[in-house]
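Q: Take a look at this one; I'll ask things after.
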Amino acid sequence: MPNTFSIEQQAISTIRLLAVDMVEKAKSGHPGLPLGAAPMAYTLFTKIMRFNPANPEWPNRDRFVLSAGHGSALLYALLHLCGYGLGLDELKQFRQLGSRTPGHPEYGETPGVEMTTGPLGQGIATAVGVAAAERFLAAKLNTAERALIEYFTYVICGDGDLMEGVSSEASSLAGHLKLGKLICLYDSNHITIEGSTALAFTENVAQRYEAYGWHVISHIDGTNLDAIERAVRDAQEVDDRPSLIIVSTTIGYGSPHKQGTASAHGEPLGPDEAKLVKRAFGFPEDASFVVPDEVRSHFRAVAERGIGLEQEWKQLWKAFGQEEPDLASALSDLASGRFPASWLPEMPAFTAGEKLATRQASKKVLGAIAEKIPLLAGGSADLAPSNGTLFGAAFEAGSYGGATLHFGVREHAMGAMVNGLALSNMVIPYGATFLIFADYMKPALRLAALMQTHSLFIFTHDSIGVGEDGPTHQPIEQLAMLRAMPGFDVYRPADANETAAAWLLALERRKPAALVLTRQGLPVLDDADGRLRDGVPKGAYVLADWAEGAEAEPGNCAIIVATGSEVHPALEAKAVIEQEGYAVRVVSMPSKELFAEQSAAYRQSVLPPNVTKRVVVEAATTFGWHDVAGSGGTVIGLDRFGASAPGPQVMEHFGFTASNIAEKALELLKTGEA
61 MPNTFSIEQQ AISTIRLLAV DMVEKAKSGH PGLPLGAAPM AYTLFTKIMR
111 FNPANPEWPN RDRFVLSAGH GSALLYALLH LCGYGLGLDE LKQFRQLGSR
161 TPGHPEYGET PGVEMTTGPL GQGIATAVGV AAAERFLAAK LNTAERALIE
211 YFTYVICGDG DLMEGVSSEA SSLAGHLKLG KLICLYDSNH ITIEGSTALA
261 FTENVAQRYE AYGWHVISHI DGTNLDAIER AVRDAQEVDD RPSLIIVSTT
311 IGYGSPHKQG TASAHGEPLG PDEAKLVKRA FGFPEDASFV VPDEVRSHFR
361 AVAERGIGLE QEWKQLWKAF GQEEPDLASA LSDLASGRFP ASWLPEMPAF
411 TAGEKLATRQ ASKKVLGAIA EKIPLLAGGS ADLAPSNGTL FGAAFEAGSY
461 GGATLHFGVR EHAMGAMVNG LALSNMVIPY GATFLIFADY MKPALRLAAL
511 MQTHSLFIFT HDSIGVGEDG PTHQPIEQLA MLRAMPGFDV YRPADANETA
561 AAWLLALERR KPAALVLTRQ GLPVLDDADG RLRDGVPKGA YVLADWAEGA
611 EAEPGNCAII VATGSEVHPA LEAKAVIEQE GYAVRVVSMP SKELFAEQSA
661 AYRQSVLPPN VTKRVVVEAA TTFGWHDVAG SGGTVIGLDR FGASAPGPQV
711 MEHFGFTASN IAEKALELLK TGEA
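Written out as structure tokens, the structure is:
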């Protein structure tokens, strides 16, 4: 290595060229961001951030979120050099099947990746939740003598992130909450896929973020390490505002024919251009994945520093365990992937026959949960009175120990922030809104499923039973959308007791989950024999069975499968059908996901294959139910939008009544009779 390059210049060049080589070998990827943003990322990882590569899950580590996830090669190069156990062979498998270096960073796949990023704007929005978790945990766990949690959250975002609406929502709320330990470095290179940002993005970003209440530092030269470090150090001193540091960079820096152009963004430089870049940085032109010995030694000090930082923190943790043994034990359970048994609440009692909306039942259950779980935090997108989510003091600027977050009318940001809170692996977070507005939250819900975070979502006003608000507020396809996501639990309980059982499952399973709840009151089912408590964890169960021996005559038997509010007219329909001399079983199916997890023997015991006359009832799209109905069955649902009228009238108009359910079942039963 020529002496004209300092060790820091060599280190930055190594990061840049590892990224270039990853993209070249994969023949796919984004070399432009790593080439331009390497100096700021290097500064963060080597001079600013507190972390221990030997233990990527150390709770008090600083968090780094690459919101511009297409630049993943930059992050992988840094994780390799810093000693996260990501070998050079993994870098050589960039974007290949089974590697730990996927095209965009994926939480749980690569050590040191703090969250799954890719959809632009989700990274910075989720980081607001990560920063909120730090403030909440600090308020709950720290004392004047012991600062157990005090990490910073750092973000590198790009122009695309700041164009997406979710980042605006989240940034507005971050400014309102004065999250001073959130520092975002904006990689301002003025290029997107289609060309210059001047095509569509000419606003004054600095003034916008100042209006949000952020501390803004502008005009930082992206090649000036001292200026970058000073800006970050200055931002660290601002405790009452999040900080945006606008760093001027050149996309594809060092590429003589592509730097500063859109072609540097999302395609390999090409072998000839890659050689020219290596020559410009003083590296051998015909060698790939080169890490000079002096650079490797330089980064070794970063790993050694991290070990010392964690060792100091462990002394605080030891003292915490002695002073708060129960809480420390619970946090250890969470870190090990278990939900603490000591945090499971006693469920409130619900009397059979009383009428109660499942959203109201959820409110009572959530109240019991809030009393039992000290690190429960959540709220609503300005719908708390309707969602039943007002518990205790507010989480607000300067007073971060409150468990109620007022997200405002910001469903996009709420979903992302719930994920960020969950990524702490200590906070148990939830967010609430009407089911129809799950549409606004889809990207965050999907990321929760991808990351398998313990993100909990309460969706009320679950059907056309909403009534007068009309089709714009009556969900039809949303349940199918939620159920279609792999690894995402959906619960649509039929009454208060099923709601309580569903909440316990949502806590214990430690997976992303949605509780889908009614606006209208529903009769409370009798659970004296424990059928509901035992049945809900299995996803579906026999709520009301046919007479003993009836299964021996499958032609004379029918099964009605229903969810949520439709379980009750299904039970009424059973009585009508039985008056005609037929046998009917009613199955409540609050969770298709959990039912699919059961053994084939159990599923067949609930839905015997020889009983083909089945009616499935749900006040939503029929999509996704025909496999349960089978070839001999039918689905009563909605494959159109609803109508504006009082809820009971709308339900009757579209056939969600005992009489219509009985009529459809009798049609099936009488088919083929003489």
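Sequence positions in the sequence shown follow my numbering and run 61 to 734.
Every residue gets a Cβ at the ideal spot worked out from N, C-alpha and C, and that includes glycine.
Decide if the segment 181-194 is in contact with the segment 80-90; the criterion is three or more beta carbon pairs, one per stretch, under 8 Å apart.
A: Not touching, per the Cβ criterion.
Q: Name the residue from F212, R419, V190 whose alpha carbon lies nearest to the alpha carbon of A560.
A: Counted from its first residue, the sequence shown places residue 560 at position 500. Looking at the Cα atoms, R419 is the closest of the given residues.
Q: Going by other Cβ atoms of all chains shown within 10 Å of its Cβ, with 16 needed for buried, is D299 buried or exposed?
A: Your numbering for residue 299 matches position 239 in the sequence shown. Counting Cβ neighbours within 10 Å, D299 comes out exposed, since fewer than 16 surround it.
Q: I need the DSSP call for Q70, collapsed to helix, strand or coil.
A: Taking the first residue of the sequence shown as 1, we reach residue 70 at position 10. It is helical.
Q: In whole angstroms, what is the alpha-carbon distance linking K338 and A98?
A: Taking the first residue of the sequence shown as position 1, residue 338 is located at position 278. Taking the first residue of the sequence shown as position 1, residue 98 is located at position 38. Roughly 15 Å between the two C-alpha positions.
Q: Would you kindly check if the distance between the Cβ of L585 and the Cβ of D549 is under 8 Å?
A: Locating residue 549 in the sequence shown gives position 489, counting from the first residue. Locating residue 585 in the sequence shown gives position 525, counting from the first residue. Cβ distance not < 8 Å, so D549 and L585 don't count as in contact.
Q: State buried or exposed for D219, treating a residue as buried only when at least 16 other CB atoms are found within 10 Å of its CB.
A: Numbered from its first residue, the sequence shown carries residue 219 at position 159. Per the 10 Å Cβ criterion, buried.
Q: How would you label A334, buried or exposed, when you count the other beta carbons within 10 angstroms and need 16 or more for buried?
A: Along the sequence shown, one-based indexing puts residue 334 at 274. It counts as buried.
Q: Pick from R569, H325, L126, A322: whose alpha carbon is nearest that of C244?
A: Taking the first residue of the sequence shown as position 1, residue 244 is located at position 184. The option with the nearest alpha carbon to C244 is L126.
Q: According to the neighbour-count rule (16 or more other Cβ atoms, all chains shown, within 10 Å of its Cβ), is V469 buried or exposed?
A: For the purposes of this step, residue 469 is identified with residue 409 of the sequence shown, where counting begins at 1. Burial call: exposed.
Q: Less than 8 Å between the CB atoms is what I'm expecting for L134 and I75, so what's the real figure, rounded?
A: Residue mapping note: residue 134 aligns to position 74 of the sequence shown, counting from 1. Residue mapping note: residue 75 aligns to position 15 of the sequence shown, counting from 1. L134 to I75, Cβ: 7 Å. Contact.
Q: Three Cβ pairs or more, each shorter than 8 Å: is that satisfied between the segment 431-448 and the segment 460-477?
A: Counting Cβ pairs under 8 Å, three or more are found: they touch.
Q: Locate the beta strand (DSSP E) running through F124, then write down its first and last residues.
A: In the sequence shown, the residue the question calls residue 124 occupies position 64. That run of the beta strand (DSSP E) goes 123-126.
Q: What residues in its chain sit with their C-beta under 7 Å from that of A718, if we drop five residues either side in the sequence?
A: Here residue 718 refers to the residue found at position 658 when the sequence shown is read from its first residue. Answer for A718: P629, E632, A633, V636, listed in chain order.
Q: Does the beta carbon of G145 come closer than 8 Å to any beta carbon on chain B?
A: Here chain B cannot be found, since the structure has a single protein chain.
Q: Any heavy atom of the ligand MG closer than 7 Å to the CB of R579?
A: Judged by which ligands are present, the structure shown has none, so any question about the ligand MG falls away.
Q: Report the residue from V215, P331, F359, L391 whose alpha carbon sits nearest the alpha carbon of V292.
A: For the purposes of this step, residue 292 is taken as the residue at position 232 of the sequence shown. Among V215, P331, F359, L391, the Cα nearest to that of V292 is on V215.
Q: Which whole runs of the beta strand (DSSP E) in the segment 482-532 are 3 residues long or more, in chain order?
A: 488-494, 516-520, all fully within the segment 482-532.
Q: Quick check on P302: does DSSP put it in helix, strand or coil?
A: Counted from its first residue, the sequence shown places residue 302 at position 242. In the structure shown, P302 sits in coil (DSSP, three-state: anything other than H, G, I, E or B).
Q: With a CB to CB cut of under 8 Å and the five nearest residues on each side skipped, what residues in its chain are close to A734?
A: Sequence index remark: in the sequence shown, residue 734 carries index 674 (1-based). The predicted model places A734 with a pLDDT of 37, which falls under 50 and marks its position as unreliable; any figure quoted below should be read in that light. Closer than 8 Å at Cβ, skipping near neighbours: no residue.
Q: With a Cβ-Cβ cutoff of 8 Å, do G439 and L481 count as a contact?
A: Translated into positions along the sequence shown, residue 439 becomes position 379. Translated into positions along the sequence shown, residue 481 becomes position 421. No, these two residues do not count as a Cβ contact at 8 Å.
Q: Does the beta-carbon of T257 have 16 or more other beta-carbons within 10 angstroms, so that it is buried, or is it exposed?
A: Position 197 of the sequence shown, counting from 1, holds the residue named residue 257. By the 10 Å Cβ count, T257 comes out buried.
Q: Give me, in chain order, the residues of the same chain whose beta-carbon lies closer than 6 Å to that of V676; leave out the 5 immediate sequence neighbours on both sides.
A: Locating residue 676 in the sequence shown gives position 616, counting from the first residue. Result list for V676: V621, W685, V688, A689, V695, in chain order.
Q: Which residues in the same chain have their Cβ closer than 7 Å to the Cβ of F655, if we skip the five residues on either side of it in sequence?
A: Position 595 of the sequence shown, counted from the start, is the residue given in the question as residue 655. Cβ neighbours of F655 beyond the five flanking positions: K598, G599, A600, M649, R663.
Q: May I ask you to report which of helix, strand or coil DSSP gives V576?
A: In the sequence shown, residue 576 corresponds to position 516, counting from 1. In the structure shown, V576 sits in a strand (DSSP, three-state: E or B).
Q: If you run the structure through DSSP and keep just helix, strand and coil, what is S278?
A: For the purposes of this step, residue 278 is taken as the residue at position 218 of the sequence shown. Note: S278 maps to strand in three-state DSSP.
Q: Are there 16 or more other CB atoms within 10 angstroms of the CB of K158, so buried, or fewer, so exposed?
A: Position 98 of the sequence shown holds residue 158. It is Gly, not Lys, that sits at residue 158 in the sequence shown. G158 should be labelled exposed.
Q: Assign K200 to one of three DSSP states: helix, strand, or coil.
A: Indexing the sequence shown from 1 puts residue 200 at position 140. Looking at K200 - three-state DSSP - the assignment turns out to be helix.
Q: Are three or more beta carbon pairs between the segment 361-381 and the segment 194-212 nearer than 8 Å?
A: The answer is yes - the segment 194-212 touches the segment 361-381, with three or more Cβ pairs under 8 Å.
Q: Might you give, ordered along the chain, the residues of its own chain that have their beta carbon closer than 6 Å to the beta carbon of P62, omitting 5 neighbours on each side?
A: Walking along the sequence shown from the start, residue 62 turns up at place 2. A caution first: P62 carries a pLDDT of 44, below 50, which makes its placement in the model unreliable, though a value can still be read off. So the list reads G342, once near-sequence residues are dropped.
Q: DSSP three-state label for P583, please.
A: Here residue 583 refers to the residue found at position 523 when the sequence shown is read from its first residue. Strand.
Q: Are L483 and E224 closer than 8 Å when you measure CB to CB?
A: As a first step, residue 483 is located in the sequence shown; it is residue number 423 there, counting from the start. As a first step, residue 224 is located in the sequence shown; it is residue number 164 there, counting from the start. Taking 8 Å as the Cβ cut-off, L483 and E224 do not qualify as a contacting pair.
Q: Relative to the alpha-carbon of E68, which residue among Q580, F349, L104 has its alpha-carbon at the smallest distance?
A: Position 8 of the sequence shown, counted from the first residue, corresponds to residue 68. Answer by Cα proximity: L104.
Q: Please determine, among Q534, P302, E263, F261, the residue with the shortest C-alpha to C-alpha distance to G273.
A: Locating residue 273 in the sequence shown gives position 213, where the first residue counts as 1. Considering only alpha carbons, the answer is P302.
Q: Does D332 pass the burial test, meaning 16 or more other C-beta atoms within 10 Å, or should it be called exposed?
A: The sequence position of residue 332 within the sequence shown is 272, counting from 1. Label assigned to D332: exposed.
Q: Assuming A476 and V644 make a contact with CB atoms under 8 Å, what is their CB distance in whole Å?
A: For this step, residue 476 is matched to residue 416 along the sequence shown. For this step, residue 644 is matched to residue 584 along the sequence shown. Contact doesn't hold; Cβ gap of about 45 Å is too wide.
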